[in-house]
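Line by line, the protein sequences are chains A and B. Per the numbering used here, residue 1 is the first one in the first sequence, and the count goes up by one each step. Per the numbering used here, residue 140 is the first one in the second sequence, and the count goes up by one each step. Note that CB positions come from ideal geometry on N, CA and C, so glycine has one too.
Number of protein chains: 2
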Amino acid sequence: MKRNTWQRQAVRSALGESAGFVSAQELHASLRDAGSPIGLATVYRALADLAVEGDADSLQSVEGESLYRACASPRHHHHLICRSCGTTVEVEADDVEEWAAATAARHGFTEPRHVIDVFGLCAACTSAGPRVAASPPSP
Amino acid sequence: MKRNTWQRQAVRSALGESAGFVSAQELHASLRDAGSPIGLATVYRALADLAVEGDADSLQSVEGESLYRACASPRHHHHLICRSCGTTVEVEADDVEEWAAATAARHGFTEPRHVIDVFGLCAACTSAGPRVAASPPSP
DNA sequence: AGCGACTTTGACAACCATTATCAATAACGG
DNA sequence: CCGTTATTGATAATGGTTGTCAAAGTCGCT
Ligand SMILES: [Zn+2]
Ligand SMILES: [Zn+2]
Ligand SMILES: [Zn+2]
Ligand SMILES: [Zn+2]
Chain A
1 MKRNTWQRQA VRSALGESAG FVSAQELHAS LRDAGSPIGL ATVYRALADL AVEGDADSLQ
61 SVEGESLYRA CASPRHHHHL ICRSCGTTVE VEADDVEEWA AATAARHGFT EPRHVIDVFG
121 LCAACTSAGP RVAASPPSP
Chain B
140 MKRNTWQRQA VRSALGESAG FVSAQELHAS LRDAGSPIGL ATVYRALADL AVEGDADSLQ
200 SVEGESLYRA CASPRHHHHL ICRSCGTTVE VEADDVEEWA AATAARHGFT EPRHVIDVFG
260 LCAACTSAGP RVAASPPSP
């Protein structure tokens, strides 16, 4: 049986408050900053549990880190992620789902699963302009 | 300028001979088994170079390992991968490309990129039947 | 071919995210 | 309240990947 501990609630809550995908390390750091004495291993375990229960989505960052996010919708969906600020939009695309299934079937593959994520710069980050190391005042 | 060393050629060659995606560690092991004294760090560097030059595709395994594969086609494409034996099929899907671009644009995202991979069981692995841990003789 | 400038290599250490340990703690049914 | 038992968490261990740096190799040039 699953026991209800304040640690799990804290992770749930913290995950729900973050706008985009976060790593276990980041979530642990923010919880600690907020005064919680929660342990790192516990955050890893809680996030893994949330993911298997379907209450959180997970994906691998380009650097290979596991990132998690509270799912707004329980339905199957994918994500559009700002690679600058992490803001995430959930998107559904039945056409793409069908394409994935059909592609697998056409080549004799069974039990198809798929990884589909779109990364870009959100409107805010786009208008913020290209990132520069520093903006020395022009003399 | 890029210099031409037997190590880079060996990695290129070994990558081209493997049917599906392989990790740097696996490629290093097979090269060593074939009698090559190549170093592990060199394999990592060569694979990273091939990836940026567009001569190899890379993706993150579910366990977070970086996997590489020699690209048969220089065009943009995606992969259908057997999660049992690693056999890989390259697929193109203009519809999906357009969907990704349109989805990003619709939400004000710019410079869209995407990660699209389909995992399943190939025909051979499907007919091999469900995998069992062991088949103890029934007493 | 010989030379010199500049890359590349590789053994090894360092790094870092993630997982295993395991005694102490806390949740929950009765 | 109590006993059972899942959970916690500090720490160690794991394992893929990258950094270090002296030695060796590559290539343009003569
Ligand atoms: Zn943004
Ligand atoms: Zn989907
Ligand atoms: Zn297969
Ligand atoms: Zn594409």
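May I have the straight-line CA-CA distance separating residue i from residue j, to the nearest angstrom?
{"i": "N143/B", "j": "A185/B", "result": "11 Å"}
{"i": "R83/A", "j": "C125/A", "result": "9 Å"}
{"i": "A34/A", "j": "G108/A", "result": "51 Å"}
{"i": "E17/A", "j": "S205/B", "result": "31 Å"}
{"i": "H78/A", "j": "T87/A", "result": "14 Å"}
{"i": "A70/A", "j": "C122/A", "result": "20 Å"}
{"i": "A272/B", "j": "V201/B", "result": "For A272/B, the predicted model reports a pLDDT of 40, less than 50, meaning its position is unreliable; a value from the coordinates is still stated below. Distance between the alpha carbons of A272/B and V201/B: 21 Å."}
{"i": "V89/A", "j": "G64/A", "result": "21 Å"}
Based on the DSSP secondary-structure assignment, which residues constitute the bridge partners of residue i?
{"i": "A258/B", "result": "The sequence given here places Phe at residue 258/B; Ala does not occur at that position. According to DSSP, F258/B bridges with R113/A and I220/B."}
{"i": "L206/B", "result": "S162/B and L198/B"}
{"i": "V89/A", "result": "L80/A"}
Considering Cα atoms alone, identify which of the options is closest to residue i.
{"i": "L189/B", "options": "E202/B, P213/B and S169/B", "result": "P213/B"}
{"i": "A128/A", "options": "A211/B, T249/B, D256/B and L260/B", "result": "T249/B"}
{"i": "R106/A", "options": "A244/B, A241/B, W238/B and V257/B", "result": "V257/B"}
{"i": "V235/B", "options": "V89/A, I38/A and V115/A", "result": "V115/A"}
{"i": "R113/A", "options": "R252/B, G259/B and P251/B", "result": "G259/B"}
{"i": "R147/B", "options": "I177/B, C261/B, G203/B and V191/B", "result": "I177/B"}
{"i": "R224/B", "options": "K141/B, W145/B and A158/B", "result": "Contrary to the premise, residue 224/B reads as Cys rather than Arg in this sequence. Per the Cα distances, A158/B."}
{"i": "G54/A", "options": "R12/A, A100/A, E98/A and W99/A", "result": "R12/A"}
{"i": "A211/B", "options": "L154/B, A149/B and W145/B", "result": "L154/B"}
Check the Cβ of residue i against every Cβ in chain A and list those closer than 9 Å, keeping chain order.
{"i": "Y164/B", "result": "According to the sequence as given, residue 164/B is Gln; it is not Tyr. Correct list: empty, because the minimum Cβ distance to chain A is about 14 Å."}
Could you name the residues of chain A that residue i contacts, counting a contact when the two beta carbons are closer than 8 Å?
{"i": "P213/B", "result": "What P213/B touches in chain A: nothing, since even the nearest Cβ is about 21 Å away."}
{"i": "H253/B", "result": "I116, D117, V118 and F119"}
Under 9 Å Cβ-Cβ, which residues of chain B neighbour residue i?
{"i": "G86/A", "result": "Those do not exist, as G86/A stays about 13 Å from chain B at its closest Cβ, beyond 9 Å."}
{"i": "E111/A", "result": "R222, F258, G259, L260 and T265"}
For a contact defined as C-beta to C-beta under 7 Å, what are the partners of residue i on chain B?
{"i": "V89/A", "result": "H246"}
{"i": "S58/A", "result": "Neighbours of S58/A on chain B: none; closest Cβ ~10 Å, over 7 Å."}
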